[in-house]
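**Student:** Protein chains in written order, with the working numbering: chain A, 1 to 341; chain B, 1 to 341.
Number of protein chains: 2
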Amino acid sequence: MARKRNANRTAGTPTLADVARLAGMSEITVSRVVRNQGPIADATRTRVQAAVAQLGYIPNRAAGSLASAASTLMTVLLPSLSNIVFPDVLRGIHTAITETAFQPVIGVTDYDPLIEERILLSFLAWQPAAVILAGLHHTPIARKHLEQGRFRVAELMDIDGDPVDIAVGMSHRQAGYETGRHLIKRGYRKFGYAGHMLVHDDRAKARYEGLCSALQDGGLSLVAEMRSPGGGSTIAGRELLEKLLVAHPDIDVVIFPNDDMAMGGIFHCIHAGIVIKERLGIFGFNGLDIGQAMPLPLSTILSKRFLIGKTAAEKLLESRERPAEKTIINTGFDIIEGATA
Amino acid sequence: MARKRNANRTAGTPTLADVARLAGMSEITVSRVVRNQGPIADATRTRVQAAVAQLGYIPNRAAGSLASAASTLMTVLLPSLSNIVFPDVLRGIHTAITETAFQPVIGVTDYDPLIEERILLSFLAWQPAAVILAGLHHTPIARKHLEQGRFRVAELMDIDGDPVDIAVGMSHRQAGYETGRHLIKRGYRKFGYAGHMLVHDDRAKARYEGLCSALQDGGLSLVAEMRSPGGGSTIAGRELLEKLLVAHPDIDVVIFPNDDMAMGGIFHCIHAGIVIKERLGIFGFNGLDIGQAMPLPLSTILSKRFLIGKTAAEKLLESRERPAEKTIINTGFDIIEGATA
DNA sequence: GTGTTTTATGGTAGCGCTGTCATTATTCTT
DNA sequence: AAGAATAATGACAGCGCTACCATAAAACAC
Numbered sequence: 001m002a003r004k005r006n007a008n009r010t011a012g013t014p015t016l017a018d019v020a021r022l023a024g025m026s027e028i029t030v031s032r033v034v035r036n037q038g039p040i041a042d043a044t045r046t047r048v049q050a051a052v053a054q055l056g057y058i059p060n061r062a063a064g065s066l067a068s069a070a071s072t073l074m075t076v077l078l079p080s081l082s083n084i085v086f087p088d089v090l091r092g093i094h095t096a097i098t099e100t101a102f103q104p105v106i107g108v109t110d111y112d113p114l115i116e117e118r119i120l121l122s123f124l125a126w127q128p129a130a131v132i133l134a135g136l137h138h139t140p141i142a143r144k145h146l147e148q149g150r151f152r153v154a155e156l157m158d159i160d161g162d163p164v165d166i167a168v169g170m171s172h173r174q175a176g177y178e179t180g181r182h183l184i185k186r187g188y189r190k191f192g193y194a195g196h197m198l199v200h201d202d203r204a205k206a207r208y209e210g211l212c213s214a215l216q217d218g219g220l221s222l223v224a225e226m227r228s229p230g231g232g233s234t235i236a237g238r239e240l241l242e243k244l245l246v247a248h249p250d251i252d253v254v255i256f257p258n259d260d261m262a263m264g265g266i267f268h269c270i271h272a273g274i275v276i277k278e279r280l281g282i283f284g285f286n287g288l289d290i291g292q293a294m295p296l297p298l299s300t301i302l303s304k305r306f307l308i309g310k311t312a313a314e315k316l317l318e319s320r321e322r323p324a325e326k327t328i329i330n331t332g333f334d335i336i337e338g339a340t341a
Numbered sequence: 001m002a003r004k005r006n007a008n009r010t011a012g013t014p015t016l017a018d019v020a021r022l023a024g025m026s027e028i029t030v031s032r033v034v035r036n037q038g039p040i041a042d043a044t045r046t047r048v049q050a051a052v053a054q055l056g057y058i059p060n061r062a063a064g065s066l067a068s069a070a071s072t073l074m075t076v077l078l079p080s081l082s083n084i085v086f087p088d089v090l091r092g093i094h095t096a097i098t099e100t101a102f103q104p105v106i107g108v109t110d111y112d113p114l115i116e117e118r119i120l121l122s123f124l125a126w127q128p129a130a131v132i133l134a135g136l137h138h139t140p141i142a143r144k145h146l147e148q149g150r151f152r153v154a155e156l157m158d159i160d161g162d163p164v165d166i167a168v169g170m171s172h173r174q175a176g177y178e179t180g181r182h183l184i185k186r187g188y189r190k191f192g193y194a195g196h197m198l199v200h201d202d203r204a205k206a207r208y209e210g211l212c213s214a215l216q217d218g219g220l221s222l223v224a225e226m227r228s229p230g231g232g233s234t235i236a237g238r239e240l241l242e243k244l245l246v247a248h249p250d251i252d253v254v255i256f257p258n259d260d261m262a263m264g265g266i267f268h269c270i271h272a273g274i275v276i277k278e279r280l281g282i283f284g285f286n287g288l289d290i291g292q293a294m295p296l297p298l299s300t301i302l303s304k305r306f307l308i309g310k311t312a313a314e315k316l317l318e319s320r321e322r323p324a325e326k327t328i329i330n331t332g333f334d335i336i337e338g339a340t341a
């Protein structure tokens, strides 16, 4: 009767007790061997491992997490998967944790703090060992949980602000500013901006503001500005630049919020016979490989997405505890001069 | 004494018992309300929900999974994150499950069945509700676990083979074959292939074989073939085409295993002043947006990656049980005529 | 009005593992 | 050689939840 429930559940799936019985050891010893924890005699280890292999034992992590009040899960909340930036970050995270026991659970927030909050709470139900999210801007409730939780927190991409524990990324404001200065130095004077309408893309916004402030410091300002109602795709960039040039034929350089859109801009120029760089400069952001493989390599800023993900995950692995003090890691950025501006 | 352990663990984190006490109900009733399961009087539900909100109760999924021998986790194993194809699939999966209780745990296999096996086993420790992986080719051990596990299985991308439960994808062999037929119809006769050396990319291989067999059926064969030692990037495609043309200047069309490489090929042609389509046809695979945004839209095959992910996840959500019989869903593909071949 | 089903709730016993505290054998000090 | 430290193992309770069975009240059948 007592076994009935078990019979219907696990139906032969071996447990620690089964392994212990076969190896002639206590459960706790088997547990220690499996977790590679505490002092174990070589002979014991060998015997247990043989029993594990023979039974094909797979530890039950739900039971383990419950007993130890900690899991091996790492919550990763990303704004989007359409934008290659975030798969790159995820790849970096994955590279760092691939040889560890950590397993990433991922959520996509669509750049919406409320969705982020909802997903975060649902993921906290697993008592994750760490939480990685993008940006420094979260809802008050999310922020409270991040600060009080029994897990480490890394906030990626952005470092202009006050992190919970660890921030890894770059200053997007500064990147925008440097973009402006670079283009002014190149001799451009009539600046256009071809953006998108992703309201919650705080980082694109910060770059935009940095750009404007560089122009201002140089005695200039944007002479034209448009935003694509769709997302920030290549097609959107292409169509938007066409419109922008109809409305403002006098601009001599256009800044796009990302490389995808900038490449759309290039394609429009090729199509319309506009001489890139001389007649119209084009500048992107991200430093995608494909932009650098073009006949005219795109002028842009290299954001180190893979490095950001990898660094953050490595930092989180360093300790089991929450860090005593906040850390900000600036991975920086590189201006890629390219041939389009 | 008995409380000591608890004190050090959860330190105030409210449990079901706390909610039950506050609401004046039994734990099981609270559990039912939280899970939205079984008949509950409206008044009870309201009272419980108020208590949940007041305490900020977050259910402990580890305990829940242990008790019910089932989790809300969905294991997703992808070959790579560098290739945009898989983030697209993941996006589709995410779209399908975003309003459900499922949470994706992802692993990256690097196209290696042994890594896939290792990650699969480590993820099975969570008793996932479903497993999604790419391709139909797995190690015998992995296959055994997939067949015997208490979860549903979907194998994505490929349908040329024998699935465990559900396969969602397209026939890559057929796609390769159609590519060959299409190009022959277009008048091309001297075929070159510019591939990569990802040994485990079974699908690229299947397309290659389909292509060869179409050529054979048309009384033709590849006159030139090279493989880039690196991955399948745009840069690789650009450099490879240059080399291929040096060795075989007579070819009149080149097929690439993906759009990224094909775009590299286009960039080489633009750079070298080769008239695309007339002098040299170029054909890719995937139908990426960026290829269609180019001045000469890339001739390619649209693989429906997002749809594959979404369909698979939806199918998995349909039932809690393993399906009685195997299902193969062909999402098909579209030839995009483009302007490059 | 009696029997039967349905609705709403609760008691209890685990799920499979690990933290805590003991216990015994072994090695090291001086 | 006696005491102290270390290495190796085990007993046992309990983590927070849900499956299972039971019960009581309400609704329904005839």
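We treat Cβ as the ideally placed atom computed from N, Cα and C, and that holds for glycine.
Let's see if you can read the secondary structure: which residues bound the beta strand (DSSP E) around residue 337(A)?
**Tutor:** As a working mapping, residue 337(A) is identified with position 337 in the first sequence. Element bounds for residue 337(A): n/a, residue is neither H nor E.
**Student:** Using a beta-carbon distance below 8 Å, is residue 90(B) in contact with chain A?
**Tutor:** Indexing the second sequence from 1 puts residue 90(B) at position 90. Residue 90(B) counts as touching chain A.
**Student:** Would you list the one or two residues that DSSP bridges to residue 302(A)?
**Tutor:** Mapped onto the first sequence, residue 302(A) falls at position 302. DSSP, once it has assigned bridges, lists 286(A), 334(A) as partnering residue 302(A).
**Student:** Going by DSSP, which residues form a beta bridge with residue 327(A)?
**Tutor:** Here residue 327(A) corresponds to residue number 327 of the first sequence, with the count starting at 1. 166(A), per the DSSP bridge assignment.
**Student:** Give me the subset of the region 113 to 127 of chain A whose CB atoms are less than 8 Å from a CB atom of chain B, sorted by chain position.
**Tutor:** Per Cβ criterion, the list reads 121, 122, 123, 124, 125, 126, 127.
**Student:** Could you please tell me which residues of the region 54 to 69 of chain B, in chain order, have their CB closer than 7 Å to any CB of chain A?
**Tutor:** Going along the region 54 to 69 of chain B in chain order, one finds 58, 59, 60, 61, 62, 63, 65, 66, 69 with a Cβ nearer than 7 Å to chain A.
**Student:** Could you tell me which chain B residues have their CB closer than 7 Å to the CB of residue 303(A), listed as they occur along the chain?
**Tutor:** If you number the first sequence from 1, residue 303(A) lands on position 303. The contacting residues do not exist; residue 303(A) stays about 16 Å from chain B at best.
**Student:** So which residues of chain B does residue 37(A) contact, with C-beta pairs closer than 7 Å?
**Tutor:** In the first sequence, counting from the first residue as 1, residue 37(A) sits at position 37. Neighbours of residue 37(A) on chain B: none; closest Cβ ~16 Å, over 7 Å.
**Student:** In the DSSP assignment, what residue or residues form a beta bridge with residue 154(B)?
**Tutor:** The residue given as residue 154(B) occupies position 154 in the second sequence. 132(B), 166(B), per the DSSP bridge assignment.
**Student:** Looking at the secondary structure, which residues open and close the alpha helix (DSSP H) in which residue 94(A) lies?
**Tutor:** The count along the first sequence starts at 1 and reaches residue 94(A) at position 94. Per DSSP, residue 94(A) belongs to the alpha helix (DSSP H) from 85 to 97.
**Student:** Rounded to whole angstroms, what's the CA-CA distance from residue 315(B) to residue 167(B)? Just pull it up for me.
**Tutor:** Translated into positions along the second sequence, residue 315(B) becomes position 315. Translated into positions along the second sequence, residue 167(B) becomes position 167. Answer to the nearest angstrom: the Cα atoms are 10 Å apart.
**Student:** Quick check: what's the CA-CA separation for residue 288(A) versus residue 302(A)?
**Tutor:** Taking the first residue of the first sequence as position 1, residue 288(A) is located at position 288. Taking the first residue of the first sequence as position 1, residue 302(A) is located at position 302. One C-alpha to the other measures close to 8 Å.
**Student:** Given that a residue counts as buried once 16 or more other Cβ atoms are within 10 Å of its Cβ, and exposed if not, what is residue 28(A)?
**Tutor:** Stepping through the first sequence from its first residue, residue 28(A) is reached at position 28. So residue 28(A) ends up on the exposed side.
**Student:** Please decide whether residue 271(A) counts as near chain B, where near means a Cβ-Cβ distance under 8 Å.
**Tutor:** The count along the first sequence starts at 1 and reaches residue 271(A) at position 271. Yes, because at least one Cβ of chain B sits closer than 8 Å to the Cβ of residue 271(A).
**Student:** Can you give the Cα-Cα distance for residue 141(A) and residue 153(A), rounded to whole angstroms?
**Tutor:** Walking along the first sequence from the start, residue 141(A) turns up at place 141. Walking along the first sequence from the start, residue 153(A) turns up at place 153. Cα to Cα, the separation comes out at about 15 Å.
**Student:** Between residue 31(B) and the rest of its own chain, which residues show a CB-CB distance below 7 Å, the 5 nearest in sequence each way excluded?
**Tutor:** Sequence index remark: in the second sequence, residue 31(B) carries index 31 (1-based). Once the five neighbours on either side are set aside, the close Cβ partners of residue 31(B) are 16.
**Student:** Can you tell me the Cα-Cα spacing of residue 232(B) and residue 196(B), whole angstroms?
**Tutor:** Here residue 232(B) corresponds to residue number 232 of the second sequence, with the count starting at 1. Here residue 196(B) corresponds to residue number 196 of the second sequence, with the count starting at 1. Their backbone Cα atoms lie some 6 Å apart in a straight line.
**Student:** Where are the alpha helix (DSSP H) runs, 4 residues long or more, that stay fully inside the region 202 to 280 of chain A, in chain order?
**Tutor:** Complete alpha helix (DSSP H) runs here, min 4: 202 to 217, 234 to 247, 259 to 272.
**Student:** Can we say the region 240 to 249 of chain B touches the region 197 to 204 of chain B, given the rule of at least three CB pairs closer than 8 Å?
**Tutor:** With the cut-off at 8 Å, the region 240 to 249 of chain B and the region 197 to 204 of chain B do not touch.
**Student:** In the region 203 to 236 of chain B, which residues sit with their C-beta less than 8 Å from some C-beta in chain A, listed in chain order?
**Tutor:** The residues in question are 233, 234, 235.
**Student:** Applying a beta-carbon distance threshold of less than 8 Å, which residues of chain A neighbour residue 289(B)?
**Tutor:** Reading the second sequence from its first residue, position 289 is the one you call residue 289(B). What residue 289(B) touches in chain A: 233, 234, 235.
**Student:** What are the residues of the region 84 to 109 of chain A that lie near chain B, defined by any Cβ-Cβ distance shorter than 7 Å?
**Tutor:** Residues 84, 87, 90, 91, 94, 103, 104, 105, 106, 108.
**Student:** Could you spell out where the alpha helix (DSSP H) holding residue 66(B) opens and where it closes?
**Tutor:** The sequence position of residue 66(B) within the second sequence is 66, counting from 1. From DSSP, the alpha helix (DSSP H) with residue 66(B) extends over 61 to 68.
**Student:** Using a beta-carbon distance below 8 Å, is residue 264(B) in contact with chain A?
**Tutor:** Position 264 of the second sequence, counted from the start, is the residue given in the question as residue 264(B). By this cut-off, residue 264(B) is an interface position.
**Student:** Buried or exposed: where does residue 41(A) fall if 16 or more other Cβ atoms within 10 Å of its Cβ makes it buried?
**Tutor:** Your numbering for residue 41(A) matches position 41 in the first sequence. Residue 41(A) should be labelled exposed.
**Student:** Where does the unbroken beta strand (DSSP E) through residue 177(A) begin, and where does it stop?
**Tutor:** Against the first sequence, residue 177(A) aligns to sequence position 177. It is not in any beta strand (DSSP E) - residue 177(A) instead sits in the alpha helix (DSSP H) that spans 172 to 185.
**Student:** What residue range is occupied by the uninterrupted beta strand (DSSP E) comprising residue 106(B)?
**Tutor:** Reading the second sequence from its first residue, position 106 is the one you call residue 106(B). Taken as a continuous stretch (DSSP letters only), the beta strand (DSSP E) holding residue 106(B) covers 103 to 108.
**Student:** In this structure, how does DSSP classify residue 198(B) when only helix, strand and coil are distinguished?
**Tutor:** Taking the second sequence and counting its residues from 1, one reaches residue 198(B) at position 198. Coil.
**Student:** Which chain B residues are close to residue 71(A), counting only those with a beta carbon under 8 Å from its beta carbon?
**Tutor:** For the purposes of this step, residue 71(A) is taken as residue 71 along the first sequence, with counting starting at 1. Ordered by position in chain B, the residues that pass the 8 Å Cβ test against residue 71(A) are 62.
**Student:** Can you give me the C-alpha to C-alpha distance between residue 74(A) and residue 326(A), rounded to a whole angstrom?
**Tutor:** Here residue 74(A) refers to the residue found at position 74 when the first sequence is read from its first residue. Here residue 326(A) refers to the residue found at position 326 when the first sequence is read from its first residue. The alpha-carbon atoms of residue 74(A) and residue 326(A) are separated by roughly 20 Å.
**Student:** Could you spell out the range, first to last residue, of the beta strand (DSSP E) harbouring residue 139(A)?
**Tutor:** As a working mapping, residue 139(A) is identified with position 139 in the first sequence. Looking at the DSSP string, residue 139(A) is not in any beta strand (DSSP E), and its letter there is neither H nor E.
**Student:** Residues in the same chain with beta-carbon distance under 8 Å from residue 203(B), minus the five sequence neighbours each way, listed in chain order, please.
**Tutor:** The count along the second sequence starts at 1 and reaches residue 203(B) at position 203. Same-chain partners within the cutoff: 135, 157, 158, 172.
**Student:** Starting from residue 295(A), find everything on chain B with Cβ-Cβ shorter than 8 Å and list it in chain order.
**Tutor:** Translated into positions along the first sequence, residue 295(A) becomes position 295. Ordered by position in chain B, the residues that pass the 8 Å Cβ test against residue 295(A) are 267, 270, 271.
**Student:** Strictly below 9 Å CB to CB, what residues from chain A border residue 81(B)?
**Tutor:** The residue you call residue 81(B) lines up with position 81 of the second sequence. The answer, in chain order, is 87, 88, 90, 91, 94.
**Student:** In the DSSP assignment, find the unbroken beta strand (DSSP E) run with residue 81(B) in it and report its ends.
**Tutor:** Position 81 of the second sequence, counted from the start, is the residue given in the question as residue 81(B). Counting along the chain, residue 81(B) falls outside any beta strand (DSSP E), and DSSP gives it neither H nor E.
**Student:** Note down, in chain order, every chain B residue with its Cβ under 9 Å from the Cβ of residue 320(A).
**Tutor:** Taking the first sequence and counting its residues from 1, the one referred to as residue 320(A) is at position 320. Going along chain B, no residue has its Cβ under 9 Å from residue 320(A), so there is no contact; the nearest lies around 14 Å.
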